[in-house]
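For the sequence shown, my numbering assigns the number 3 to the initial residue and increments by one for each residue that follows.
C-beta atoms are modelled at their ideal positions from N, C-alpha and C, and glycine is treated no differently.
This one's a predicted model, so the numbers in the text were calculated from it and none came from an experiment.
What follows is a single structure, written as structure tokens, with notes after it.
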Amino acid sequence: MRLAAMETSPRLKLVSLALLLASFPFPCATAALPPSLLEEQAGALLAWKATIHNPPAQLRSWGNTTTQPCGWYGIKCGKQQARHQEQEVVITEISLRGLWLRARLEDINFTALHTLTSIRLPYNQIRGPFPPALASNLPNLRHLLLQGNGLSGQIPRQIKHLESLVGLDLSNNHLSGPIPIELGYLNKLKMLDLSTNNLTGPIPRSLGNCSKLTILYLDGNQLSGHLPRELGYIVKLQKLALSSNKLMGSIPNTFGSLINITGLYLWDNQLSGHVPPELSSLVNLEDLELAKNRLTGSIPGSFGNLTKLTTLYLYGNQFSGHVPPELGSLVNLQVLSLHNNQLIGFIPNTFGNLINLTALYLYHNQLSGHIPQELGSLVNLELLDLSNNTLMGSIPNTFVNLTKITTLSLYDNQLSGHVPRALGFLVNFELLLLQKNQLTGSIPDTFGNLNKLTTLYLFRNQLSGYVPKELGSLVSLEDLQLYKNKLLGSIPNTFGNLTKLTTLYLYDNQLSGHVPRELGCLVNLEDLELHRNKLFGSIPNALGNLTKLTTLNLGGNQLSGGIPQELGYLVNLEDLELDKNKLMGCIPNTFGNMTKLNTLFLDDNQFSGHVPQEIGTLMDLKYIQFDGNNLSGPLPPSLCVGGMLKTLIAFDNNLNGPLPSSLINCRSLVRVRLERNQIEGDISKMGIYPNLVYMDMRSNNLFGQLSFLWGDCHNLQMLRISNNNLTGEIPASMGQLSQLGLLDLSSNKLEGEIPSALGNLKKLFNLSLADNLLHGSIPQEIGALSSLELLDLSSNNLNGLVQYSIEHCLKLRLLKLNHNNFIGNIHAELGSLRNLYELDLSDNSFIGAIPSQLSGLSMLENLNLSHNEL
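The structure is reproduced here in structure tokens:
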């Protein structure tokens, strides 16, 4: 029974639909006519509704038995002439804006809806292609608005059949492929918007036939090729937007014929050449945007004729020459952007006439001279950016008149003189950027009035005097950077009021006194850098409250006492630098809580005790510097367990115990310095370091043999493992270290011969193998090391002749072969080593006369030939 009902349900639905439509109260004018067309159109809409995923509540009226289709939401009707010469009611408009309809256009029966004059479906979720049936079956369509959907595929060539079209908006979709040339057949078109799609290929020249166009938007695509001259023939155009494409070539001079245009937008393309002077004829222009292209030449002075301009964007090109003073005639101008060009000369005084200007951008040019006093007349100015030029002189006092200004950016110039106190009365300031100049004098205390200020950059000047305590009143301040000046005195404790502060840079000054404990109130602080000052006293425990801190740099001061345990609460800290102070005591084991730490610099202090094992659990550690302390005990064995460690520097301590096991295969290592400790361990398995550049392990208690794996350290530049207990032979694979400049294996127990492969090390300037058990002769290949400056092979069992072994080492400054078994004559070729300052051949078996050529070594300071048979 259930199956039978299911089989007959489509038939029942058709009967119900017929009854539904028969019940519509049609107007009297159509009562005598067969309602077949309106029925068919209503059926087409209901069929489309059935395909919409979760139709919105607004479509509940569709199918309502109490209303005709003309009363449905978003549907309008009109009358048309029927074949029997009487008018009938038909659907003429579908308007469903912003309902998030999840539908497809191809599910609409456009054949039934051929009477449509307007389709408005913007800002929905309509997917799929633009159906050719839409273009082929709607001869009366005047408005097609489908912007803000998800249409894909190409615009069909059948679009040419929409001969009545006045407005076409397909913007903000995913359409691709070329713009069909057939659009040029739509000679009634007034508005065409295809912006923000993925359209490619050239702009069709045929669009020049659309003579009624007032708006043409093709921006935000991937269109290429040249700008068609024919667009200049559309004299009714008011807005032309072709920006953010890949268009190239020059701007056609025919654009000078667009006498009605108010907005010309060509920015963000690859346009080149000069700006055609004909554009100066476009006297109705309000917006001219040519930015971010490759335009060259000078800015036309005739642009001064465009007196209706409110926006002029020429930035990001290659314009050269002077800024035309004629631009000062553009009295309606609100935004002038000429930045990122190659402009030279002075800023015109005439800019003082631009009284409606709200934003002036001239940064990143080569402008010189003084900042004109006349800019102080721009009483509506909100944004002024003159940074990255070569401007000189002082900041004009007339700037006191700029009462609406929110951003003043003058950084990276050559400005001098004092910072005007008057700037402190411009209470709308949000950004004040004066860094990288030559400003002198003190920071004005009037800056304490700027309670809207979020960013204050005065760094890299020559400011002196005290840091004003009034800066503590800047309750909106988020970023304060005063570093690299000559500021002195203490850090004001009023800074504790700056609770919105995220960045505080005061480093590289001459600040003294204590670190204020009030800084512990800055709970939003992320970066605190006070290094390279003269601060003294202890580190405040209150800094442990700064739980958002990622960088804490107090290095290069005179701080004393211990490290507060509370610093271990800084769980977001990535960079901790307390180096070059007078800190003492133990390194807190609470540092193990700082799981995001990647940089830890504690060098050049007076720390004692063991390195906490907890530091070995910090998986993100990349840079460690403990050198120049009194640390003892072993390094944590898991120091490189995270596999991120690049730098390990702990020389000049009293470290002992085994070499950390995790260092054996720590492939991330770049720089290691553990010299002058008492570290023990077998280095036989070391050498798997593809990134290693520098390693110094001298003066420890290491033992074992050098592995052939060292030959794979292709970035290694310096290797020092002298004064240990290494045994075995020098591996020939070391001859593969093409970047090696220094090799010091002296004072070990190495034996065997010197590998001839070391002659491949063309960058080697220092080779020290002294005080080992090496035997045999000096390989002739060593003589090919033309970069060699220091060669020390003393105190071995080497023998044989010397004359051909070093003949090409003309840069040698030190040559020590003493305490070996060399024989034969001292050859005259040694006289060609003009840079020698030390020559020691003592305690060998040299014979014969001392070559007279040695007397010509004018740089020689130490000469020892004793204990030979000369």
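Identified DSSP bridge partners for Phe-609: Counted from its first residue, the sequence shown places residue 609 at position 607. Answer by DSSP bridge pairing, in chain order: Gly-587.
Per DSSP, the bridge partner or partners of Val-674: Position 672 of the sequence shown, counted from the start, is the residue given in the question as residue 674. In the DSSP output, where bridge partners are listed per residue, Val-674 has Leu-650 and Met-697.
Pull the bridge partners of Pro-131 from the DSSP assignment, please. Here residue 131 refers to the residue found at position 129 of the sequence shown. In the DSSP output, where bridge partners are listed per residue, Pro-131 has Ser-154.
Quick check on the DSSP output: the beta strand (DSSP E) that includes Glu-291 runs from which residue to which? Reading the sequence shown from its first residue, position 289 is the one you call residue 291. Counting along the chain, the beta strand (DSSP E) containing Glu-291 begins and ends at 289-291.
Suppose contacts are defined by Cβ-Cβ distances below 9 angstroms. Is Ser-847 in contact with Asn-866 by that definition? Locating residue 847 in the sequence shown gives position 845, where the first residue counts as 1. Locating residue 866 in the sequence shown gives position 864, where the first residue counts as 1. Not a contact, by the Cβ cut-off of 9 angstroms.
Cβ atoms of Thr-313 and Leu-335: under 9 angstroms apart, would you say? Position 333 of the sequence shown holds residue 335. Position 311 of the sequence shown holds residue 313. Against a cut-off of 9 angstroms, the Cβ pair of Thr-313 and Leu-335 comes out as a contact.
Residue span of the beta strand (DSSP E) that contains Ala-243, given as start and end: Indexing the sequence shown from 1 puts residue 243 at position 241. Unbroken beta strand (DSSP E) run through Ala-243: 241-243.
Report, in whole angstroms, the separation of the C-beta atoms of Lys-438 and Tyr-413, which I expect to be a contact under 8 angstroms. Here residue 438 refers to the residue found at position 436 when the sequence shown is read from its first residue. Here residue 413 refers to the residue found at position 411 when the sequence shown is read from its first residue. Between Tyr-413 and Lys-438 the Cβ distance is about 5 angstroms, and since that is below 8 angstroms, they are a contact.
Write down the C-beta distance between Phe-603 and Gln-627 rounded to the nearest angstrom, noting that I regard them as a contact closer than 8 angstroms. Mapped onto the sequence shown, residue 603 falls at position 601. Mapped onto the sequence shown, residue 627 falls at position 625. Yes, they are in contact, since the Cβ atoms of Phe-603 and Gln-627 sit about 5 angstroms apart, within 8 angstroms.
Reduced DSSP category for Lys-454 - H, G, I as helix; E, B as strand; rest coil: The residue labelled residue 454 in the question sits at position 452 within the sequence shown. Lys-454: coil per DSSP, three-state reduction.
Gln-320 and Leu-297 - do their beta-carbons sit closer together than 9 angstroms? Mapped onto the sequence shown, residue 297 falls at position 295. Mapped onto the sequence shown, residue 320 falls at position 318. Yes, the pair counts as a contact, with Cβ atoms nearer than the cut-off.
For Phe-593, name the three-state secondary structure that DSSP assigns. Taking the first residue of the sequence shown as position 1, residue 593 is located at position 591. It is helical.
Alpha carbon to alpha carbon, how far is Ile-784 from Leu-856? Give it in angstroms, no decimals. Looking up residue 856 in the sequence shown gives position 854. Looking up residue 784 in the sequence shown gives position 782. Cα to Cα, the separation comes out at about 21 angstroms.
Rounding to the nearest angstrom, what Cα-Cα distance links Asn-820 and His-777 in this structure? Mapped onto the sequence shown, residue 820 falls at position 818. Mapped onto the sequence shown, residue 777 falls at position 775. When rounded, the distance between both Cα atoms is 14 angstroms.
Am I right that Leu-218 and Leu-194 are in contact with their C-beta atoms under 8 angstroms? What's the rounded C-beta distance? By one-based count along the sequence shown, residue 218 stands at place 216. By one-based count along the sequence shown, residue 194 stands at place 192. At roughly 5 angstroms, the Cβ-Cβ gap stays under 8 angstroms, so Leu-218 and Leu-194 are in contact.
So, at 6 angstroms on beta carbons, what are the nonlocal neighbours of Ile-681 in its own chain, with the 5 sequence-adjacent residues on each side left out? The residue you call residue 681 lines up with position 679 of the sequence shown. Result list for Ile-681: Leu-657, Leu-661 and Asn-702, in chain order.
If I follow the unbroken beta strand (DSSP E) through Gly-323, where does it start and stop? The count along the sequence shown starts at 1 and reaches residue 323 at position 321. 322-324 is the span of the beta strand (DSSP E), which, as asked, contains Gly-323.
In this structure, what does DSSP give as the bridge partners for His-821? As a position in the sequence shown, residue 821 is number 819, starting the count at 1. DSSP, once it has assigned bridges, lists no residue as partnering His-821.
Proximity of Ser-724 and Arg-700 at Cβ, strictly below 9 angstroms: Here residue 724 refers to the residue found at position 722 of the sequence shown. Here residue 700 refers to the residue found at position 698 of the sequence shown. Taking 9 angstroms as the Cβ cut-off, Ser-724 and Arg-700 qualify as a contacting pair.
Find out if the Cβ-Cβ distance for the pair Leu-292, Ser-322 is shorter than 9 angstroms. Locating residue 292 in the sequence shown gives position 290, counting from the first residue. Locating residue 322 in the sequence shown gives position 320, counting from the first residue. Against a cut-off of 9 angstroms, the Cβ pair of Ser-322 and Leu-292 comes out as no contact.
Reduced DSSP category for Leu-61 - H, G, I as helix; E, B as strand; rest coil: Taking the first residue of the sequence shown as 1, we reach residue 61 at position 59. Here Leu-61 sits in helix by DSSP.
Identify which residue in Met-697, Gly-644 and Met-646 has its Cα closest to the Cα of Ala-1. No answer is possible for residue 1: the residues shown for the chain start at 3 and end at 872.
Determine the DSSP secondary structure at Asn-262, reduced to helix, strand or coil. What you label residue 262 is simply residue 260 of the sequence shown in a count that begins at 1. In the structure shown, Asn-262 sits in coil (DSSP, three-state: anything other than H, G, I, E or B).
How big is the Cα-Cα spacing for Thr-601 and Gly-155? Indexing the sequence shown from 1 puts residue 601 at position 599. Indexing the sequence shown from 1 puts residue 155 at position 153. If you take the alpha carbons of Thr-601 and Gly-155, they lie about 52 angstroms apart.
Just to confirm the assignment, what range does the beta strand (DSSP E) spanning Ala-361 have? One-based indexing of the sequence shown puts residue 361 at position 359. Residues 361-363.
Nearest to Asn-382 by alpha carbon, out of Leu-792, Asn-801 and Asn-358? Your numbering for residue 382 matches position 380 in the sequence shown. For Asn-382, the nearest C-alpha among the options comes from Asn-358.
Nonlocal neighbours in the same chain, by C-beta distance under 7 angstroms from Leu-215, ignoring five residues either side: If you number the sequence shown from 1, residue 215 lands on position 213. Result list for Leu-215: Leu-191, Lys-192, Leu-194, Ile-236, Lys-238 and Leu-239, in chain order.
Can you tell which of Glu-165, Tyr-125 and Pro-131 has its C-alpha closest to the C-alpha of Leu-143? Residue numbering aside, residue 143 sits at position 141 when the sequence shown is read from its first letter. Comparing Cα-Cα distances from Leu-143 to each of Glu-165, Tyr-125 and Pro-131, the minimum goes to Glu-165.
Which residue marks the beginning of the beta strand (DSSP E) containing Phe-603, and which one marks its end? Position 601 of the sequence shown holds residue 603. Unbroken beta strand (DSSP E) run through Phe-603: 601-603.
Sort Val-672, Gly-467 and Leu-752 by Cα distance to Leu-704 and report the nearest one. For this step, residue 704 is matched to residue 702 along the sequence shown. When each option's Cα is compared against that of Leu-704, the closest is Leu-752.
Helix, strand or coil: which one does DSSP assign to Pro-327? Looking up residue 327 in the sequence shown gives position 325. Helix, per DSSP.
Reference Asn-574; option with closest CA among Ser-735, Leu-548 and Gln-82: The residue labelled residue 574 in the question sits at position 572 within the sequence shown. Of the candidates Ser-735, Leu-548 and Gln-82, the one whose C-alpha sits nearest the C-alpha of Asn-574 is Leu-548.
Give the DSSP-derived three-state secondary structure of Glu-184 in the structure shown. Here the question's residue 184 lines up with position 182 in the sequence shown. It is helical.
Straight-line CA distance for Ser-797 to Gly-635? For the purposes of this step, residue 797 is identified with residue 795 of the sequence shown, where counting begins at 1. For the purposes of this step, residue 635 is identified with residue 633 of the sequence shown, where counting begins at 1. Distance between the alpha carbons of Ser-797 and Gly-635: 33 angstroms.
So the beta strand (DSSP E) Asn-200 belongs to, where does it begin and stop? Against the sequence shown, residue 200 aligns to sequence position 198. 200-203 is the extent of the beta strand (DSSP E) around Asn-200.
On the DSSP bridge list, what partners appear for Lys-488? Taking the sequence shown and counting its residues from 1, the one referred to as residue 488 is at position 486. According to DSSP, Lys-488 bridges with Ser-466.
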